[in-house]
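Accompanying notes for the structure given below.
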(Lines of atoms letter the chains of each structure in order from A and count residues from 1; the text may use other names and numbers.)
(Lines give C-alpha, C1' and ligand atoms only; values in the text may rest on other atoms or scores of the structure.)
Protein backbone atom coordinates (compact mmCIF):
# COMPACT_ATOMS: atom_id res chain seq x y z
CA UNK A 1 0.00 0.00 0.00
CA UNK A 2 1.31 3.41 -0.83
CA UNK A 3 1.81 5.37 2.37
CA UNK A 4 -0.41 8.26 1.35
CA UNK A 5 -3.36 9.38 3.38
CA UNK A 6 -4.87 12.80 3.13
CA UNK A 7 -7.37 14.41 5.45
CA UNK A 8 -9.26 17.39 4.12
CA UNK A 9 -12.14 19.02 5.91
CA UNK A 10 -15.26 19.44 3.75
CA UNK A 11 -17.55 20.96 6.38
CA UNK A 12 -17.46 21.36 10.13
CA UNK A 13 -18.92 17.89 10.62
CA UNK A 14 -17.56 15.94 7.64
CA UNK A 15 -14.01 15.08 6.71
CA UNK A 16 -12.52 13.20 3.78
CA UNK A 17 -9.77 10.70 4.25
CA UNK A 18 -8.15 9.50 1.03
CA UNK A 19 -5.94 6.45 0.73
CA UNK A 20 -4.12 5.67 -2.50
CA UNK A 21 -3.89 1.91 -2.99
CA UNK A 22 -2.33 -0.12 -5.81
CA UNK A 23 -4.69 -3.08 -5.45
CA UNK A 24 -7.49 -4.14 -3.13
CA UNK A 25 -5.00 -6.51 -1.49
CA UNK A 26 -3.34 -3.47 0.14
CA UNK A 27 -6.31 -3.26 2.53
CA UNK A 28 -6.06 -6.87 3.67
CA UNK A 29 -3.60 -9.12 5.47
CA UNK A 30 -1.00 -10.76 3.24
CA UNK A 31 -1.24 -13.96 5.27
CA UNK A 32 -4.99 -14.50 4.93
CA UNK A 33 -5.92 -16.53 1.83
CA UNK A 34 -9.69 -16.24 2.36
CA UNK A 35 -11.97 -14.26 0.05
CA UNK A 36 -12.50 -10.53 0.65
CA UNK A 37 -15.77 -11.16 2.48
CA UNK A 38 -13.90 -13.00 5.26
CA UNK A 39 -10.34 -11.77 4.97
CA UNK A 40 -8.64 -10.02 7.90
CA UNK A 41 -7.60 -6.40 7.51
CA UNK A 42 -3.96 -5.41 7.21
CA UNK A 43 -2.32 -4.06 10.36
CA UNK A 44 -0.60 -1.45 8.17
CA UNK A 45 -3.96 -0.28 6.84
CA UNK A 46 -5.54 -0.13 10.31
CA UNK A 47 -2.53 1.73 11.71
CA UNK A 48 -2.58 4.27 8.87
CA UNK A 49 -6.35 4.73 9.24
CA UNK A 50 -6.01 5.28 13.00
CA UNK A 51 -3.19 7.73 12.43
CA UNK A 52 -5.26 9.77 10.01
CA UNK A 53 -8.11 10.07 12.52
CA UNK A 54 -6.20 10.50 15.78
CA UNK A 55 -7.11 13.61 17.77
CA UNK A 56 -9.40 14.95 15.07
CA UNK A 57 -12.84 16.06 16.27
CA UNK A 58 -14.63 14.66 13.23
CA UNK A 59 -18.24 13.53 13.33
CA UNK A 60 -18.74 12.22 9.79
CA UNK A 61 -16.06 10.68 7.60
CA UNK A 62 -15.91 10.01 3.89
CA UNK A 63 -13.25 7.30 3.62
CA UNK A 64 -12.13 7.21 0.00
CA UNK A 65 -9.84 4.63 -1.58
CA UNK A 66 -8.15 5.90 -4.72
CA UNK A 67 -7.47 3.04 -7.13
CA UNK A 68 -6.12 3.05 -10.67
CA UNK A 69 -9.01 2.90 -13.11
CA UNK A 70 -7.78 -0.32 -14.75
CA UNK A 71 -7.66 -2.08 -11.33
CA UNK A 72 -11.24 -1.23 -10.27
CA UNK A 73 -13.87 -3.95 -9.99
CA UNK A 74 -17.22 -2.71 -8.69
CA UNK A 75 -18.39 -6.16 -7.61
CA UNK A 76 -15.32 -6.63 -5.42
CA UNK A 77 -15.63 -3.08 -4.10
CA UNK A 78 -19.14 -3.81 -2.82
CA UNK A 79 -17.84 -6.92 -1.00
CA UNK A 80 -14.89 -4.97 0.43
CA UNK A 81 -17.14 -2.14 1.66
CA UNK A 82 -19.36 -4.67 3.41
CA UNK A 83 -16.31 -6.41 4.94
CA UNK A 84 -14.91 -3.11 6.22
CA UNK A 85 -18.25 -2.07 7.73
CA UNK A 86 -18.61 -5.48 9.38
CA UNK A 87 -15.06 -5.32 10.80
CA UNK A 88 -15.45 -1.79 12.20
CA UNK A 89 -18.88 -2.49 13.70
CA UNK A 90 -17.69 -5.74 15.31
CA UNK A 91 -14.66 -4.09 16.90
CA UNK A 92 -16.70 -1.10 18.04
CA UNK A 93 -19.04 -3.49 19.84
CA UNK A 94 -16.08 -5.35 21.39
CA UNK A 95 -14.60 -2.11 22.78
CA UNK A 96 -18.02 -0.89 23.98
CA UNK A 97 -18.51 -4.16 25.88
CA UNK A 98 -14.99 -3.94 27.33
CA UNK A 99 -15.55 -0.37 28.51
CA UNK A 100 -18.92 -1.31 29.99
CA UNK A 101 -17.29 -4.24 31.80
CA UNK A 102 -14.59 -1.99 33.25
CA UNK A 103 -17.13 0.62 34.39
CA UNK A 104 -19.30 -2.08 35.96
CA UNK A 105 -16.32 -3.63 37.77
CA UNK A 106 -15.18 -0.19 38.97
CA UNK A 107 -18.66 0.64 40.26
CA UNK A 108 -18.91 -2.67 42.10
CA UNK A 109 -15.44 -2.29 43.64
CA UNK A 110 -16.21 1.27 44.75
CA UNK A 111 -19.61 0.29 46.16
CA UNK A 112 -18.28 -2.75 48.03
CA UNK A 113 -15.38 -0.64 49.34
CA UNK A 114 -17.82 1.93 50.72
CA UNK A 115 -19.96 -0.79 52.33
CA UNK A 116 -16.87 -2.29 53.97
CA UNK A 117 -15.84 1.17 55.22
CA UNK A 118 -19.26 1.66 56.77
CA UNK A 119 -19.09 -1.81 58.32
CA UNK A 120 -15.62 -1.14 59.77
CA UNK A 121 -16.81 2.23 61.10
CA UNK A 122 -19.88 0.64 62.67
CA UNK A 123 -17.80 -2.09 64.34
CA UNK A 124 -15.30 0.45 65.61
CA UNK A 125 -17.91 2.74 67.20
CA UNK A 126 -20.29 0.02 68.37
CA UNK A 127 -17.74 -2.12 70.18
CA UNK A 128 -14.93 0.43 70.83
CA UNK A 129 -12.26 -2.26 70.95
CA UNK A 130 -14.16 -4.16 73.67
CA UNK A 131 -14.31 -7.32 71.61
CA UNK A 132 -11.32 -9.11 70.14
CA UNK A 133 -13.44 -10.33 67.22
CA UNK A 134 -14.77 -6.82 66.49
CA UNK A 135 -11.24 -5.41 66.61
CA UNK A 136 -10.03 -8.15 64.27
CA UNK A 137 -12.77 -7.43 61.72
CA UNK A 138 -12.22 -3.68 61.96
CA UNK A 139 -8.51 -4.16 61.26
CA UNK A 140 -9.30 -6.60 58.43
CA UNK A 141 -12.00 -4.46 56.80
CA UNK A 142 -10.20 -1.10 56.79
CA UNK A 143 -7.44 -1.91 54.27
CA UNK A 144 -9.79 -4.07 52.20
CA UNK A 145 -12.33 -1.25 52.01
CA UNK A 146 -9.73 1.33 51.03
CA UNK A 147 -8.22 -0.96 48.40
CA UNK A 148 -11.59 -1.73 46.80
CA UNK A 149 -12.68 1.90 46.95
CA UNK A 150 -9.54 3.30 45.30
CA UNK A 151 -9.15 0.45 42.82
CA UNK A 152 -12.79 0.94 41.82
CA UNK A 153 -12.17 4.64 41.23
CA UNK A 154 -9.03 3.76 39.26
CA UNK A 155 -11.11 1.47 37.04
CA UNK A 156 -13.82 4.11 36.57
CA UNK A 157 -11.55 7.08 35.95
CA UNK A 158 -8.37 5.77 34.33
CA UNK A 159 -8.82 2.25 32.99
CA UNK A 160 -12.05 3.10 31.18
CA UNK A 161 -10.27 6.01 29.47
CA UNK A 162 -7.55 3.75 28.04
CA UNK A 163 -10.13 2.18 25.72
CA UNK A 164 -11.41 5.53 24.42
CA UNK A 165 -8.95 6.01 21.51
CA UNK A 166 -9.78 2.61 19.99
CA UNK A 167 -13.47 2.97 20.73
CA UNK A 168 -13.51 6.44 19.16
CA UNK A 169 -11.72 5.15 16.04
CA UNK A 170 -14.09 2.22 15.55
CA UNK A 171 -17.17 4.40 16.19
CA UNK A 172 -16.04 6.87 13.54
CA UNK A 173 -15.14 4.14 11.07
CA UNK A 174 -18.37 2.18 11.58
CA UNK A 175 -20.30 5.36 10.70
CA UNK A 176 -17.98 6.32 7.83
CA UNK A 177 -19.03 6.42 4.22
CA UNK A 178 -16.61 4.14 2.34
CA UNK A 179 -16.05 4.90 -1.33
CA UNK A 180 -13.76 3.88 -4.15
CA UNK A 181 -12.67 6.42 -6.77
CA UNK A 182 -10.39 6.19 -9.77
CA UNK A 183 -7.04 7.92 -9.83
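Numbering (this note's numbering), first residue to last: 112 to 294. Glycine included, each C-beta is placed from N, C-alpha and C at the ideal position. This structure is a prediction, so every number in the text was calculated from the model and none was measured.
Under DSSP, residue 152 forms a beta bridge with 139. The alpha carbon of residue 261 has as its nearest neighbour, out of 139, 228 and 145, the alpha carbon of 228. The beta-bridge partner set that DSSP reports for residue 125 consists of 171. With fewer than 16 other Cβ atoms from the protein chains shown falling within 10 Å of its own Cβ, residue 294 counts as exposed. Take the alpha-carbon of residue 233 and the one of residue 246: they are about 11 Å apart. If you look at residue 290, you'll find it in the beta strand (DSSP E) that goes 288 to 293. Taking 4 residues as the minimum length, the alpha helix (DSSP H) runs contained wholly in the segment 237 to 293 are 243 to 265 and 275 to 286, in order along the chain. Excluding five sequence positions before and after residue 173, the CB atoms of its chain that fall closer than 8 Å to its own CB belong to 121, 125, 126, 127, 128, 287, 288 and 290, given in chain order. If you ignore the 5 residues before and after residue 176, its C-beta comes within less than 6 Å of the C-beta of 130, 132 and 291, all in its own chain and listed in chain order. It is roughly 42 Å from the alpha-carbon of residue 222 to the alpha-carbon of residue 153.
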